[in-house]
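Chemist:
Numbering (our numbering), first residue to last: 2 to 314.
(1) How far does the beta strand (DSSP E) with residue 75 in it extend, from its first residue to its last?
(2) In terms of residue numbering, what span does the alpha helix (DSSP H) encompassing residue 132 cover?
(3) Give the secondary structure of residue 251 by DSSP, where H, G and I count as helix, E and B as strand, and everything else as coil.
(4) On the three-state DSSP scale, how would you describe residue 112?
(5) Inspect the beta-carbon positions of residue 255 and residue 219 and report whether they are closer than 7 Å.
(6) Smallest Cα separation from residue 136: which of 295, 302, 275, 297?
(7) In or out: residue 21 buried (at least 16 other Cβ within 10 Å) or exposed?
(8) Answer with buried or exposed for residue 249, where buried requires no fewer than 16 other C-beta atoms within 10 angstroms of its C-beta.
(9) Under 8 Å by Cβ, that's how I've got residue 68 and residue 34 pegged, so tell me the actual separation to the nearest angstrom.
(10) Using beta carbons (cut-off 7 Å, strictly below), is residue 126 in contact with chain D?
(11) Do you know whose CA, among 180, 146, 133, lies nearest residue 161's CA?
(12) Apply the 10 Å Cβ neighbour rule to residue 213 and answer buried if 16 or more other Cβ atoms are within range, or exposed otherwise.
(13) Do residue 70 and residue 101 have their C-beta atoms closer together than 7 Å?
(14) From 112, 6, 231, 152, pick the residue whose C-alpha is nearest to that of residue 99; which is it?
(15) In the DSSP assignment, find the beta strand (DSSP E) that holds residue 283 and state where it starts and stops.
(16) Could you say which of 88, 105, 86, 87 lies nearest to residue 95 if we only look at CA atoms?
(17) Starting from residue 215 and walking both ways along the alpha helix (DSSP H), at which residues does that stretch end?
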């Protein structure tokens with residue numbers, strides 16, 4: 002079986018082409034992908050060639066770990082049936098092409114226990130499931146300290162703010178330097194850092210992806226305060242030790258989501274507590290993926306770009 006897929010053959014060299022799929026294993030489910038999101042974090046680093054050494058790296062590769070589609074074939078013990086809507090966090094089902102993360106294709110096959118059943122009403126918003134679960138993990142993972150300052154008002158920053166309010170926390174302050182991204186707050190305030198004189202934050206969540214901000218953030222926490230890195234960083238993490246020493250600063254790195262995050266995030270979405278509305282700003286046919294990727298990574302007005310696979314054969 003062959004399928005159309007986004008293929009990165011090198012930094013900033015991308016096209017949609019036909020690739021051959023491996024024969025599915027007995028424990029795998031085949032999914033007809035309807036939508037896939039473009040990640041402005043890890044996926045941008047692969048596209049630009051800035052990704053530090055990472056397991057499974059190499060070109061050519063099929064990117065993507067934010068796909069939504071319908072089950073077309075499955076096995077009797079999968080828990081799914083034909084027509085079920087599922088979130089696909091990636092796949093490694095292609096011959097001659099690396100699946101890293103392998104979700105940006107018209108058809109994929111993947112172990113059934115990796116799929117997440119979602120309500121069909123979510124449609125393209127279902128592509129945000131991974132980001133929502135990642136935000137939930139940052140808040141409820143190795144620590145339960147809610148943020149009182151979030152740096153960056155992209156999709157991840159907005160989800161962190163929404164989840165903080167859902168968890169009963171005080172509405173956080175959010176910093177954003179780009180005027181085009183300062184709007185859209187729902188129950189919290191967004192400021193340019195220069196407008197904020199506060200220097201006693203207890204917990205700062207860095208969601209902009211800029212590791213160079215660390216020294217300035219250390220200057221904004223109270224003694225014993227915490228800084229949480231929620232993104233994926235290509236640069237080495239460096240900071241001036243004396244200021245951190247004086248503050249007795251704590252630092253935490255938030256990793257990828259786990260099964261508990263999946264269950265909790267799905268429950269919050271299905272109950273209507275966590276909204277995924279107003280986060281997708283751009284949509285393109287997967288046939289024009291090259292232009293879509295460029296827009297996703299160069300246009301600050303683009304919070305989230307979605308590829309629509311419906312017109313691709």
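Cβ atoms here follow ideal geometry from the backbone N, Cα and C, with glycine treated the same way.
Modeler: Concretely, from the data shown:
(1) Note, residue 75: premise wrong, no beta strand (DSSP E); not H, not E.
(2) 130-141
(3) strand
(4) strand
(5) no
(6) 275
(7) exposed
(8) With fewer than 16 other Cβ atoms from the protein chains shown falling within 10 Å of its own Cβ, residue 249 counts as exposed.
(9) 5 Å
(10) Structure shown: chain D not included; a single protein chain is present.
(11) 133
(12) Burial call: exposed.
(13) Inclusion of residue 70 and residue 101 in the CB contact set at 7 Å is not warranted, their separation being larger than that value.
(14) 6
(15) Its beta strand (DSSP E) spans residues 283-286.
(16) 105
(17) Run containing residue 215: 215-219, per the alpha helix (DSSP H) assignment.
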